[in-house]
Each structure stands twice: as structure tokens, then as C-alpha cells.
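Asker: Handing you a structure now.
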Amino acid sequence: MNQDEIRATLTVALMAAFADGAKDERERDAIRKVADALGAGEGIDLPQIYREVLIARPDIGTVAARITTPEARQLAYELAVGVCEADGSRQPAEQEFLARLAT
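In numbering that gives the first Met the number 0, the protein residues as written are 0 to 102.
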């Protein structure tokens, strides 16, 4: 994955974490694990991505379009599912988010 796809995947994961409107430490931990797994420490400003997601509220379709390969798209989706389920349940708003992401 290139840097833009990594940023987009992290953006998707953060959007998944905030989809239900709740703030949960388990989801934050999942985000940190996603960032570490993607090598986000190398040139990716995670706090900036947090700001963009919380303030700019990017469009999921626009963000997902930056993820170009089928494998990277599948990875982004599966990581988003993991973040949504990190708190032990999947809320209706999270299910709706994942359905939009899947399309």
C-alpha cells in the first residue's frame, strides 16, 4: 500500500470508530493497532487524520475511492469491522456505516 492508501485506510478505520457516536477506549486501542500494523509511524500524522475525521467529516465514498486495489479495499473493510466490534458489539449506526463502506 502506498502512503495515500494507508491514510485512506486509517481514515476509514477512524470513521468506523466514530460511526456510533460513542467514544470507547477499546476502539481507540484498535485504531492504534491498525496504525501500527500499517506502518503508520512512517510519515503518517495520525492526530491530523483524527482532526480531519472529526472536523471535516469526509465522505466515505471519496475516502474509499483512494484505496485502489481489491486486496487493499478488503483489508480496509475488515479493519473497519474489527474497529466497530472492538467494544464488544456492533451498533445499528456502525452496521449502516459498514453497509455504505461495502458498496
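Built from N, CA and C at the ideal position, the CB exists for glycine as well.
1) In the DSSP assignment, find the alpha helix (DSSP H) that holds residue 81 and state where it starts and stops.
2) Just to confirm before moving on: does the CB-CB distance between residue 62 and residue 13 stay below 7 Å?
3) Sorted by chain position, which residues of the same chain lie with C-beta nearer than 8 Å to residue 42's C-beta, five sequence neighbours on each side aside?
4) I need the straight-line Cα distance from residue 79 to residue 58, nearest angstrom please.
5) Cβ-heavy atom distance between residue 52 and the ligand NAP below 6 Å?
Answerer: Considering the structure as presented:
1) Element bounds for residue 81: 69 to 83.
2) The Cβ atoms of residue 62 and residue 13 lie no closer than 7 Å to each other.
3) 2, listed in sequence order.
4) Between the alpha carbons of residue 79 and residue 58 lies a distance of about 15 Å.
5) Ligands are entirely absent from the displayed structure, and the ligand NAP is therefore not among its contents.
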